[in-house]
Amino acid sequence: MKKKSEPIVNIIDLNFYYGDTLALKGINFDISEKKITAFIGPSGCGKSTLIRCLNRMNDLIENVRIEGCIKIKGQDIYDPSMNITELRKRVGMVFQKPNPFPKTIYENVVYGPRVLGIKKKSLLDDICEKALTRAALWTEVKDRLHVSALEISGGQQQRVCIARAIAMEPEIVLLDEPCSALDPIATAKIEDMLVELKKDYTVVIVTHNMQQAARVSDFTGFFMMGELVEYDDTTELFTKPKKKKTEDYITGRFG
Amino acid sequence: MKNFFKSGNPYVWLTASALTICLLMICGLVMLIMIKGLGMFWPHKIVSICLKDNVVVLGELVKRESVPYEEDAYRSKLKVGNRDVYGLDFKWINDDDIASMDYPLSAITIERREWGNMYGFLEGLRKDNKTEVVGMDEARELVKESKMLYERIRHIEKKEIGDINHLIEKNRIKLRSLIMQLPSEKLQKKADRVKEKIEALEKTYSEKEALLTELYTEARKKEFIIRLADDSEKVLPVFQVVRMYTPNNMHIVSKMGFYVSKLWEYVSGEPREANTEGGIFPAIFGTVMMVFIMSIAVVPLGVLTAIYLKEYASDNFLSRIVRIAVNNLAGVPSIVFGVFGLGFFIYFIGGSVDKIFFSEALPTPTYGTGGILWASLTLALLTVPVVVVATEEALSSVPRAIREGSYALGTTKFETLWKVVLPQATPGILTGTILAMARAAGEVAPLMITGVVKLAPSLPIDHHFPFIHLERKFMHLGFHIYDVGFQSPNVEAAIPMVYTTTLVLVFTVLTLNIVAIVIRNKLRKKYKTSLV
Ligand SMILES: Nc1ncnc2c1ncn2[C@@H]1O[C@H](COP(=O)(O)OP(=O)(O)O)[C@@H](O)[C@H]1O
Ligand SMILES: [Mg+2]
Numbered sequence: 471m472k473k474k475s476e477p478i479v480n481i482i483d484l485n486f487y488y489g490d491t492l493a494l495k496g497i498n499f500d501i502s503e504k505k506i507t508a509f510i511g512p513s514g515c516g517k518s519t520l521i522r523c524l525n526r527m528n529d530l531i532e533n534v535r536i537e538g539c540i541k542i543k544g545q546d547i548y549d550p551s552m553n554i555t556e557l558r559k560r561v562g563m564v565f566q567k568p569n570p571f572p573k574t575i576y577e578n579v580v581y582g583p584r585v586l587g588i589k590k591k592s593l594l595d596d597i598c599e600k601a602l603t604r605a606a607l608w609t610e611v612k613d614r615l616h617v618s619a620l621e622i623s624g625g626q627q628q629r630v631c632i633a634r635a636i637a638m639e640p641e642i643v644l645l646d647e648p649c650s651a652l653d654p655i656a657t658a659k660i661e662d663m664l665v666e667l668k669k670d671y672t673v674v675i676v677t678h679n680m681q682q683a684a685r686v687s688d689f690t691g692f693f694m695m696g697e698l699v700e701y702d703d704t705t706e707l708f709t710k711p712k713k714k715k716t717e718d719y720i721t722g723r724f725g
Numbered sequence: 232m233k234n235f236f237k238s239g240n241p242y243v244w245l246t247a248s249a250l251t252i253c254l255l256m257i258c259g260l261v262m263l264i265m266i267k268g269l270g271m272f273w274p275h276k277i278v279s280i281c282l283k284d285n286v287v288v289l290g291e292l293v294k295r296e297s298v299p300y301e302e303d304a305y306r307s308k309l310k311v312g313n314r315d316v317y318g319l320d321f322k323w324i325n326d327d328d329i330a331s332m333d334y335p336l337s338a339i340t341i342e343r344r345e346w347g348n349m350y351g352f353l354e355g356l357r358k359d360n361k362t363e364v365v366g367m368d369e370a371r372e373l374v375k376e377s378k379m380l381y382e383r384i385r386h387i388e389k390k391e392i393g394d395i396n397h398l399i400e401k402n403r404i405k406l407r408s409l410i411m412q413l414p415s416e417k418l419q420k421k422a423d424r425v426k427e428k429i430e431a432l433e434k435t436y437s438e439k440e441a442l443l444t445e446l447y448t449e450a451r452k453k454e455f456i457i458r459l460a461d462d463s464e465k466v467l468p469v470f471q472v473v474r475m476y477t478p479n480n481m482h483i484v485s486k487m488g489f490y491v492s493k494l495w496e497y498v499s500g501e502p503r504e505a506n507t508e509g510g511i512f513p514a515i516f517g518t519v520m521m522v523f524i525m526s527i528a529v530v531p532l533g534v535l536t537a538i539y540l541k542e543y544a545s546d547n548f549l550s551r552i553v554r555i556a557v558n559n560l561a562g563v564p565s566i567v568f569g570v571f572g573l574g575f576f577i578y579f580i581g582g583s584v585d586k587i588f589f590s591e592a593l594p595t596p597t598y599g600t601g602g603i604l605w606a607s608l609t610l611a612l613l614t615v616p617v618v619v620v621a622t623e624e625a626l627s628s629v630p631r632a633i634r635e636g637s638y639a640l641g642t643t644k645f646e647t648l649w650k651v652v653l654p655q656a657t658p659g660i661l662t663g664t665i666l667a668m669a670r671a672a673g674e675v676a677p678l679m680i681t682g683v684v685k686l687a688p689s690l691p692i693d694h695h696f697p698f699i700h701l702e703r704k705f706m707h708l709g710f711h712i713y714d715v716g717f718q719s720p721n722v723e724a725a726i727p728m729v730y731t732t733t734l735v736l737v738f739t740v741l742t743l744n745i746v747a748i749v750i751r752n753k754l755r756k757k758y759k760t761s762l763v
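Sequence order for the protein chains is A and B. The working numbering applies: residue 471 is where the first sequence begins, and numbers increase by one. The working numbering applies: residue 232 is where the second sequence begins, and numbers increase by one.
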C-alpha cells in the first residue's frame with residue numbers, strides 16, 4: 471500500500487442538488503497532494519458533478535444547491551469570501567470534449583497568463599513552451615504554434631487544453647474523462663503525460679475506463695448513484711475490493 | 232388518391248412551387264429592371280416617318296402596342312425630343328397613318344444641357360454672323376472645346392465662388408458673434424478687420440462674376456444650325472451640346488464605346504434638368520455614406536443591447552417584455568421613425584446643439600434641420616432590432632463548452648465575453664449588420680423628413696474644413712427614384728432614369744452586402760469551431 475501524502479482537498483458531508491434532485495449524497499473523503507486520484511463509476515453516478523464542485527464550475531448552472539464543505543489547503547472554497555476566479559486559477563480543469571478556443575495554439579496556451587496580465591512576449595513564449603512540453607505536445611507543434619488550434623487532431627487539441635490549464639500553474643488539475651473522445655494512441659500519450667504531471671501537480675481524473683484508472687492513478691474512488699461506495703489505494707481497490715458493489719462493477723467490466 | 236398523399240410527394244410539390252413562385256417573381260423584377268435600365272445608354276436608331284398627310288417626324292421608337300379598344304390596330308410611341316419646339320417629348324403614331332419609314336444615316340441625336348434631346352440634321356455653323364458648312368468630325372471637335380470651357384465655368388462657379396462664399400459666410404458668422412459680445416475697443420478692432428476681409432472677399436467675388444459673364448458670352452459665340460424634321464431650321468449654341476452622335480451610322484464597336492461612356496457619365500456625373508438627365512453620383516455617394524454612418528451607430532448600440540439582454544439580464548418577465556418590444560419595433564411603420572427623428576434628433580438635439588455651439592448662425596439652423604447625421608441616426612433606430620436579434624442569436628450559438636473552457640481558467644464573465652464569445656459571435660453580428668444595411672439602404676419614407684433633398688448643392692464630404700459635414704442635406708437613390716419617377720415635370724421622359732436608378736440602388740446594396748459577406752466568411756473561417 472502506497473503511503474498517503476498530505477491531503478490537499480477535504481470533502482466533508484457533501485450533498486449536491488440539481489433543483490430538487492439529489493445528485494451527490496453525503497460524500498466524505500480526502501484527496502492527496504501530488505498524486506493522481508481517479509473517480510470511476512457508471513455514467514450518471516455523479517462523477518462530473520463532484521469534480522465540477524472542486525472548482526465551482528457548477529455555479530454556472532442555474533438552480534443548484536450545495537451542502538457540506540470542500541476545503542482546499544484548509545480553506546473552505548464555498549465560503550462567501552472566496553473569490554471564484556482566484557479559485558479557478560488555482561484549480562485548473564480539462565473537459566471531456568476538447569474545447570480549444572478558435573485561436574492559434576499559442577494564443578490558446580497563453581490565454582490564461584494574458585488574463586493574469588502578463589504582456590512580455592519573451593515571458594509568454596517561455597510559459598507556452600513549458601506548458602506544451604509538460605503536456606507532451608511541444609515537439610509535435612513547435613513549428614506550428616501559430617496555426618489554429620482547430621486544425622490539429624483531437625488528441626493534440628486535448629493536450630492543448632491540458633497545456634492551457636497547466637500554463638496557469640494551478641495547484642490541482644481536474645480532468646473530466648479527458649480521453650473519452652480520443653483514439654487509443656492519443657489516450658496512451660495523455661496517460662504517460664499524466665504520470666509525469668503528478669510530480670508537480672495534484673491530479674484528479676474522472677474516467678469510466680477502469681484499465682485507465684488502474685494504470686495511472688494512485689487512489690481510486692468508486693461512485694454509484696451519487697454515493698461514494700469505496701475509496702482506497704488503486705491497487706487495493708482493484709485487487710481486494712471491500713464492498714460487494716465494487717467487486718461486481720469491476721468484475722463485470724473485466725469480464 | 233390516398234396513396235398519393237401518403238407518399239409525401241404533394242408536400243414536396245407544394246414547397247417547391249412556393250419556392251418557384253418566389254424565384255420567378257424576384258427574377259422577373261430583376262430582369263425587368265435590368266432590361267429597361269441597361270437599355271437606356273444604348274444609342275437608339277433615329278427613324279424618320281413620313282405620315283400620310285405628308286408630315287415628317289423624326290425620333291426614337293420607344294414602344295409599340297395595340298390601340299386600346301380597336302382590333303388589329305397598332306400604334307407606336309415616338310420620342311421626338313425638341314421639347315422647346317414641340318412642347319412634348321413624345322408622340323403617338325398609328326400604323327395606319329404611316330406612309331413610309333426610313334433611317335437616314337445623317338440624322339443626329341443631340342443631348343443638350345437644357346430641354347432634353349434634339350433630333351435633326353446638322354446644317355452648318357454660325358460664327359460672328361457668318362454661316363459655314365461643318366462636318367460631323369469638326370462639330371465634335373467644337374463640342375469638345377466647348378466642353379472644356381464648360382468645365383472651366385463649372386470650376387469657377389462651384390469651386391472658386393463656392394470657396395469664396397464659404398469664407399464670406401464664415402467671416403459673417405464671426406462678425407456676428409463679435410457684435411453679440413459686450414462692445415469693447417479690442418473687439419471693435421477685430422470686427423473692423425473681419426469687415427475688411429469680407430469686403431476683400433466680396434471684391435474677388437465680383438471679379439469672378441465678371442470673368443464668368445465674359446466666359447459665357449464667349450461660349451455663346453458659336454452656334455450650330457440644325458434642320459429639324461419639318462425642314463425648319465433651329466439655332467443651337469455649341470455650348471448647349473453635351474453630346475452629339477449619328478446613331479444610324481454607328482458601328483457596333485463605337486456603339487459599345489458610346490454605351491460605356493454614357494454609363495460612366497451616369498454613375499460619376501451630376502444630375503441635370505431636374506434630375507431627369509445626367510448622372511446620379513451625388514445620390515450614390517449620399518446613400519453609401521448614410522449607410523456607413525448608420526452602421527457605425529447601429530452596430531455598437533445593437534450589440535451592447537443584445538449583450539445585456541442575453542448575457543446579463545436574468546430571464547424574467549421584464550426582460551421578456553423588453554425582448555418582445557425590441558422585436559416589435561421592426562414592425563413600426565418607418566415614417567413613424569421619421570417623425571420621431573424629426574422631433575427628437577432634429578428639433579430637440581439639433582436645436583440644442585445649435586443654441587450651444589452655433590448660436591451666432593441663428594436663426595439659420597445648422598444642426599437644427601434635416602441632415603445626413605440625423606437621417607442616419609433615424610435609420611439606425613429603425614434597424615436596431617435587426618442587429619439585436621441577430622446578435623442574440625450569434626451569442627447563443629457560441630458553444631457552452633468554449634465559455635466553460637474560459638471560465639475554468641479563472642476569467643470573469645466580461646473577460647470571457649470579450650476574449651472568446653464576442654470574436655466568435657462576430658460573423659453572426661455581421662449577418663445582422665448586413666440585414667440592417669440592406670434595410671436602411673432601401674428605406675425612403677423616414678428620410679424625406681430628416682434630411683434628404685432633391686438636389687443637394689454639395690456633397691457631405693468636401694475640401695472645406697472639417698471635411699465631413701454631417702449637418703448637410705444629401706441625396707439618396709431611393710428618394711431619387713421617387714422624385715424622378717413621380718415628382719419630375721417630365722415624368723415620361725424620366726422613366727428610363729427610374730429603372731437605371733433602381734438598378735444602381737440594387738447594385739449598391741448588393742455591393743455593400745457582398746463586401747460584408749466576404750468579411751464575414753473570412754471571420755467565420757477563422758472562428759470555425761469543431762464543437763457543436
Ligand atoms: N445540469 C444538470 N441539470 C440537472 N441534472 C443534471 C445536470 N447535470 C447532470 N445532472 C444529473 O446529475 C446526475 C449526475 O450526472 P453527472 O455528474 O454528469 O454523471 P457522470 O459524470 O458520472 O456521468 C445525472 O443523473 C444527471 O442526469
Ligand atoms: Mg460525466
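Beta carbons: idealized from backbone N, C-alpha and C, even for Gly.
- The C-beta of residue 581 of chain A comes closer than 8 angstroms to at least one C-beta of chain B.
- For residue 640 of chain B, the C-beta contacts it makes with chain A under 8 angstroms involve 558, 559, 562, 581, 582, 585, 634, 635, 638, in order along the chain.
- Taking the Cα of residue 511 of chain A as reference, the smallest distance to any Cα among A:706, A:675, A:709, A:710 is reached at A:675.
- Rounded to the nearest whole angstrom, the C-alpha separation of residue 630 of chain B and residue 623 of chain A is 19 angstroms.
- With a threshold of 8 angstroms between beta carbons, residue 552 of chain A makes no contact with chain B.
- For the stretch 520-554 of chain A, the residues whose beta carbon sits under 7 angstroms from a beta carbon of chain B are, in order, 525, 527, 530.
- Ranked by Cα distance from residue 751 of chain B, the first of B:311, B:742, B:659, B:725 is B:659.
- Nearest CB-CB separation between residue 757 of chain B and chain A: below the 8 angstroms threshold.
- Under the three-pair Cβ rule at 8 angstroms, the stretch 572-590 of chain B counts as touching the stretch 604-612 of chain B.
- Residue 619 of chain A and residue 571 of chain A do touch by the CB rule: their CB atoms are close to 7 angstroms apart, below 8 angstroms.
- Identification of residues in the stretch 563-579 of chain A having a C-beta nearer than 7 angstroms to some C-beta of chain B yields 563, 565, 567, 569, 571, 572, given in sequence order.
- For residue 489 of chain B, the uninterrupted alpha helix (DSSP H) segment begins and ends at 483-499.
- DSSP places residue 738 of chain B in the helix class (H, G or I) of the three-state scheme.
- Between residue 384 of chain B and residue 439 of chain B, the C-beta spacing is not below 8 angstroms.
- By the neighbour-count criterion, in which 16 or more other beta carbons inside 10 Å mark a residue as buried, residue 627 of chain A falls on the buried side.
- Straight-line spacing of the CA atoms in residue 516 of chain B and residue 487 of chain B works out to 26 angstroms.
- The C-alpha of residue 445 of chain B lies about 43 angstroms from the C-alpha of residue 523 of chain B.
- The count of Cβ pairs closer than 8 angstroms, one atom from the stretch 279-288 of chain B and one from the stretch 331-346 of chain B, reaches three, so the stretches are in contact.
- Taken atom to atom, the span from the alpha-carbon of residue 693 of chain A to that of residue 647 of chain A is near 15 angstroms.
- The distance from the Cβ of residue 352 of chain B to that of residue 474 of chain B is about 17 angstroms, inconsistent with a contact at the 8 angstroms cut-off.
- Between the C-alpha atoms of residue 733 of chain B and residue 491 of chain B there is a straight-line separation of about 19 angstroms.
- Interface flag for residue 687 of chain B against chain A is unset, since no Cβ pair is found closer than 8 angstroms.
- For residue 740 of chain B, the CB stays at least 7 angstroms from every heavy atom of ligand 2.
- Within the chosen limit of 7 angstroms, ligand 2 reaches the beta carbon of residue 676 of chain A through at least one heavy atom.
- Taking 8 angstroms as the cut-off, the beta carbon of residue 643 of chain A is found no closer than this to the beta carbon of residue 544 of chain A.
- A residue is called buried when at least 16 other Cβ atoms come within 10 angstroms of its Cβ; residue 252 of chain B does not meet this threshold and is exposed.
- The residue from B:670, B:644, B:246, B:358 with its alpha-carbon nearest to that of residue 585 of chain A is B:644.
- Residue 686 of chain B and residue 718 of chain B have their C-alpha atoms some 13 angstroms from each other.
- Here residue 665 of chain B carries a helix assignment [DSSP, helix/strand/coil].
- Per DSSP, residue 559 of chain A is one residue of the alpha helix (DSSP H) stretching across 554-560.
- Listed along the chain, the chain A residues whose CB falls inside 9 angstroms of the CB of residue 633 of chain B are 569, 570, 571, 572.
- Two segments are said to touch when three or more pairs of C-beta atoms, one from each, lie closer than 8 angstroms; by this definition the stretch 672-690 of chain B does not touch the stretch 544-556 of chain B.
- By the rule that beta-carbons nearer than 8 angstroms mark a contact, residue 636 of chain B touches chain A.
- Taken from the Cβ of residue 647 of chain A, at least one heavy atom of ligand 2 lies inside 7 angstroms.
- In terms of side-chain proximity, the C-beta atom of residue 612 of chain A is found no nearer than 7 angstroms to any non-hydrogen atom of ligand 2.
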